[in-house]
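Which chain is which? The protein sequence lines are P and E, in order.
Just so we're aligned: 85 in numbering that gives the first Met the number 0 is position 86 of the first sequence, and the numbers increase by one with no gaps anywhere.
Just so we're aligned: 40 in numbering that gives the first Met the number 0 is position 41 of the second sequence, and the numbers increase by one with no gaps anywhere.
Every residue, glycine too, gets a C-beta built ideally from N, C-alpha and C.
Notes follow the structure.
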Amino acid sequence: MVLEGKKRVWEDYQKEIANDHYFYVRSCIRQTFFPGSETTFLRIMKNDLGKDVFEDARHTTCTGIGYHTDIVPLETTMTVIARHFALMTEAGYVNIIPSCVTSFGLYTEVLETWKHFPEIEEKIREYLWKATKREFKIPENLVHTSDIIYKFRSQIKEKSKVSLINKRTGEPLKVVEHIGCHYSKMFPTSGVGGAEFPSVLTGMIESWGGSVIDYPERRHCCGFGFRQYLVMANRGYSVSNSKKKFESMRPFQPDFIVANCPGCSMFLDRWQYTIAELEGVTYDNRGMGIPVLTYEEMAGLVMGYSPWELGLQMHQVSVEQLLDKLGIKYDKEQKYRGAKGQKIGEPQKPQFLIV
Amino acid sequence: MGKLYDKLNQDIRFIEGLNGCMNCGVCTAICPAAEFYHYDPRVICDTVQSKDEALIEALLRSETIWYCGECMSCKTRCPRNNTPGFIIMTLRKLSQELGYFTDSEKGRQQFAIKRAIGENILRTGYCVHPDIVSPQMHPEQGPVWDWISRNTPEIMEKLGSNYKQNGIGGLRNIAPEVLDEINKIFEVTGCKTMFDTIERHSKHKADEMGIEISPEGIGNEYFMTVYTENNGTHNA
């Protein structure tokens, strides 16, 4: 009886993830700060898993940052998202996969709202027609791109070249996972495992040999806060919330942090630099900080891709300490080279953070 | 029922976000903003459900409504299915529509966000783009971002982006006909009106404060003032 009850409760959090044929929508933040991650996602999907992923050059921002800074009205955001549904419909697809957690949260919010208030969907259809003469069908399947990597984690494991294990000690690497507030805090049943026990990243980490750290502030926000970061005068909010997390995870000595949301990945990386420069503090024992990966970068390392093709040189906290633990060989000389191997200079060294 | 409350109650997020607050304070316990600012989402809910016009107007003119980070952690936790974050979004919308946002330092920042993010969406089709994240405005991005900014085309090419080129791919040019569609959507759905409203009230405030403001862009004194000004009274 008890087991049956548990099974029933968890059924709410078992998410349907389409098996193939995806309409891909990119993320403003991911393509700005982690362009290699989107490239890696498509490489894994197309080359390693043989999946059909379609991209339409006419898709744009979902306006998510404008919406969550309150300059873009809800009706506008809904209509821009409806336009993306129209592009998906025109291309003959039914499964839509946003690369951004803010977008994923908003797409979910839009579909949930329309489900309960069909008159709003009707109004948005009228707006879209008036503005663009486009029509759309509701997607049959909406998932975040990380959900797909989660779904295929065993296939990735089968093809993997590297495990999340410390090559020297043979112990699983200790990983902090951060799923990002808008993945499932707003609509818990839309995320794998819900808001309380999200398993989208833990599923990847544990399948690929690592162990997950459970620390007190595990579910606390990274501190983006939209206007709280975008406006210079407010950035104390943003760094303070990241600091709260770093202080909470520090006693567990993480080998790295992996994040679901592109914004979170960037903030957890950059705020370590900022805190080091402001206060001379890092959250590891060597003054180098804790490396932060996107989930695509983690998957790419597991698949044996070159760290510099993944774009790990774009991180402020150096990743070499992690590559050494994983036993991954890399050419330090190539780290800061351009596409044709040409020299393009190197970043200056921070004053306190060791790189 | 009061006038301001009626206006709030026209927004679906307000209707869905306020189901009757019992003042338990769980939202405040989980709130990242409450930890950092003089901010208490429980009090926000209590104030709006009081339907007291004077209190709601004070809220619309206050610093308080601009402290929330819209992480929506409150939505998961409320035992009554309220969402203080949604209530905040409704209050901010009304504060801008009525021009009350220029009464507070944090509210005046809407001008900077409109100029930086809003205009960028209409100009490029993106909310964020590497070309607008300047190292000068973003010192926290560190020396790696400074290096990226100096070598953006080379680095983006290496990482498989289609930076400023036509066709599919990351950071591609968004075609003019696509931008036309986005502009039309902004027009018919009321976003252009919202932008104009932010502009009109900000111009009035800038004139009142005797600070130079230009018709567009971020190269003006009022932008830098609202972008950087912090009177130091906001933190808990």
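On the premise that residue j lies in contact with residue i, defined as a C-beta separation below 8 Å, what is that separation, rounded to the nearest angstrom?
{"i": "P/Leu-105", "j": "P/Tyr-66", "result": "7 Å"}
{"i": "P/Gly-224", "j": "E/Gly-84", "result": "P/Gly-224 to E/Gly-84, Cβ: 11 Å. No contact."}
{"i": "P/Cys-221", "j": "P/Phe-255", "result": "Contact flag wrong, Cβ pair sits at about 15 Å."}
{"i": "P/Gly-208", "j": "P/Ile-164", "result": "5 Å"}
{"i": "P/Arg-29", "j": "P/Pro-261", "result": "4 Å"}
{"i": "P/Gln-320", "j": "P/Pro-290", "result": "7 Å"}
{"i": "E/Ile-55", "j": "E/Leu-3", "result": "5 Å"}
{"i": "E/Gln-109", "j": "E/Gln-95", "result": "6 Å"}
{"i": "P/Thr-416", "j": "E/Ile-173", "result": "The displayed coordinates of chain P run from 0 to 354. Any statement about residue 416 of chain P would go beyond what the structure contains."}
{"i": "P/Pro-34", "j": "E/Gly-159", "result": "7 Å"}
{"i": "P/Thr-39", "j": "P/Tyr-228", "result": "Not really, about 25 Å apart at Cβ, beyond 8 Å."}
Could you tell me the alpha carbon to alpha carbon distance between residue i and residue j, rounded to whole angstroms?
{"i": "E/Gly-24", "j": "P/Val-301", "result": "44 Å"}
{"i": "P/Pro-253", "j": "P/Val-211", "result": "9 Å"}
{"i": "P/Ser-189", "j": "P/Val-142", "result": "8 Å"}
{"i": "E/Ile-116", "j": "P/Val-109", "result": "22 Å"}
{"i": "P/His-219", "j": "P/Lys-244", "result": "7 Å"}
{"i": "P/Ile-155", "j": "E/Ile-147", "result": "31 Å"}
{"i": "P/Met-0", "j": "P/Glu-10", "result": "Bear in mind that a pLDDT of 49 at P/Met-0, under 50, signals an unreliable position, so the number given afterwards is only what the model happens to contain. Cα to Cα, P/Met-0 sits roughly 15 Å from P/Glu-10."}
{"i": "P/Glu-246", "j": "P/Tyr-282", "result": "7 Å"}
{"i": "P/Lys-342", "j": "E/Asn-150", "result": "10 Å"}
{"i": "P/Asp-51", "j": "P/Lys-45", "result": "6 Å"}
{"i": "P/Val-257", "j": "P/Glu-296", "result": "9 Å"}
{"i": "E/Val-127", "j": "E/Cys-26", "result": "30 Å"}
{"i": "E/Ile-87", "j": "E/Ile-64", "result": "6 Å"}
{"i": "E/Thr-227", "j": "E/Ser-201", "result": "16 Å"}
{"i": "P/Pro-138", "j": "E/Glu-220", "result": "46 Å"}
{"i": "P/Lys-5", "j": "P/Gly-192", "result": "13 Å"}
{"i": "P/Gly-326", "j": "P/Gln-271", "result": "25 Å"}
{"i": "P/Glu-216", "j": "P/Arg-133", "result": "45 Å"}
{"i": "P/Leu-73", "j": "E/Met-193", "result": "11 Å"}
{"i": "P/Arg-144", "j": "E/His-203", "result": "Rather than Arg, the amino acid found at residue 144 of chain P in this sequence is Thr. The straight-line gap from Cα to Cα measures roughly 45 Å."}
{"i": "P/Val-318", "j": "P/Leu-292", "result": "9 Å"}
{"i": "P/Gln-347", "j": "E/Val-143", "result": "7 Å"}
{"i": "P/Ile-70", "j": "P/Glu-332", "result": "45 Å"}
{"i": "E/Asn-8", "j": "E/Ile-14", "result": "6 Å"}
{"i": "E/Asn-161", "j": "E/Lys-191", "result": "30 Å"}
{"i": "P/Thr-169", "j": "P/Gly-179", "result": "With the sequence shown as reference, residue 169 of chain P is identified as Gly, and Thr is not the correct amino acid for it. Taking the straight line joining both Cα atoms gives about 30 Å."}
{"i": "P/Lys-136", "j": "E/Thr-89", "result": "29 Å"}
{"i": "E/Cys-77", "j": "E/Arg-91", "result": "21 Å"}
{"i": "P/Pro-171", "j": "P/Asp-323", "result": "14 Å"}
{"i": "E/Met-71", "j": "P/Lys-173", "result": "28 Å"}
{"i": "P/Tyr-236", "j": "E/Thr-188", "result": "32 Å"}
{"i": "P/Glu-308", "j": "P/Ile-274", "result": "28 Å"}
{"i": "P/Ser-153", "j": "E/Thr-123", "result": "39 Å"}
{"i": "P/Glu-157", "j": "E/Glu-176", "result": "45 Å"}
Between which two residues does the alpha helix (DSSP H) containing residue i stretch?
{"i": "E/Ile-197", "result": "190-208"}
{"i": "P/Glu-108", "result": "100-115"}
{"i": "P/Ala-258", "result": "Looking at the DSSP string, P/Ala-258 is not in any alpha helix (DSSP H); the run it does join, the beta strand (DSSP E), is 255-258."}
{"i": "E/Glu-56", "result": "52-59"}
{"i": "P/Met-87", "result": "73-89"}
{"i": "P/His-67", "result": "63-67"}
{"i": "P/His-58", "result": "Neither: P/His-58 is in no alpha helix (DSSP H) and is coded neither H nor E."}
{"i": "P/Ser-305", "result": "Run containing P/Ser-305: none; DSSP gives neither H nor E here."}
{"i": "P/His-181", "result": "180-183"}
{"i": "P/Ile-70", "result": "Where P/Ile-70 is concerned, there is no enclosing alpha helix (DSSP H), given that its DSSP letter is neither H nor E."}
{"i": "E/Thr-227", "result": "220-227"}
{"i": "E/Phe-85", "result": "83-96"}
{"i": "E/Arg-76", "result": "72-76"}
{"i": "P/Leu-325", "result": "319-325"}
{"i": "P/Glu-157", "result": "152-158"}
What is the residue span of the beta strand (DSSP E) that residue i lies within?
{"i": "P/Asn-94", "result": "94-97"}
{"i": "P/Glu-176", "result": "173-177"}
{"i": "P/Tyr-23", "result": "21-24"}
Identify every residue that forms a DSSP beta bridge with residue i.
{"i": "P/Phe-32", "result": "Paired residues: none, contrary to the question."}
{"i": "P/Val-291", "result": "P/Ile-256"}
{"i": "P/Asn-140", "result": "P/Asn-94"}
{"i": "P/Ile-164", "result": "P/Pro-171"}
{"i": "E/Phe-36", "result": "The residue you asked about is not Phe; residue 36 of chain E is Tyr in the sequence shown. Looking at the DSSP assignment, E/Tyr-36 forms a beta bridge with E/Asn-234."}
{"i": "P/Val-52", "result": "P/Tyr-21"}
{"i": "P/Lys-360", "result": "The requested residue 360 of chain P is not part of the displayed model; chain P covers only 0 to 354."}
Starting from the N-terminal side, write out each stretch of the alpha helix (DSSP H) that is 4 residues or longer and does not extend beyond the region 3-29 of chain E. Taking only runs of at least 4 residues, the alpha helix (DSSP H) segments lying wholly in the region 3-29 of chain E are 11-16 and 25-29.
Report the start-end ranges of each beta strand (DSSP E) in the region 185-273 of chain P that is 3 residues or longer and not cut off at the edges. Runs found: 255-258.
What runs of the beta strand (DSSP E), each 3 residues or longer, lie entirely inside the region 103-144 of chain E? Fully enclosed beta strand (DSSP E) runs of 3 or longer: not present.
Inside the region 156-186 of chain E only - beta strand (DSSP E) runs reaching at least 3 residues: Runs of the beta strand (DSSP E) inside the region 156-186 of chain E: none found.
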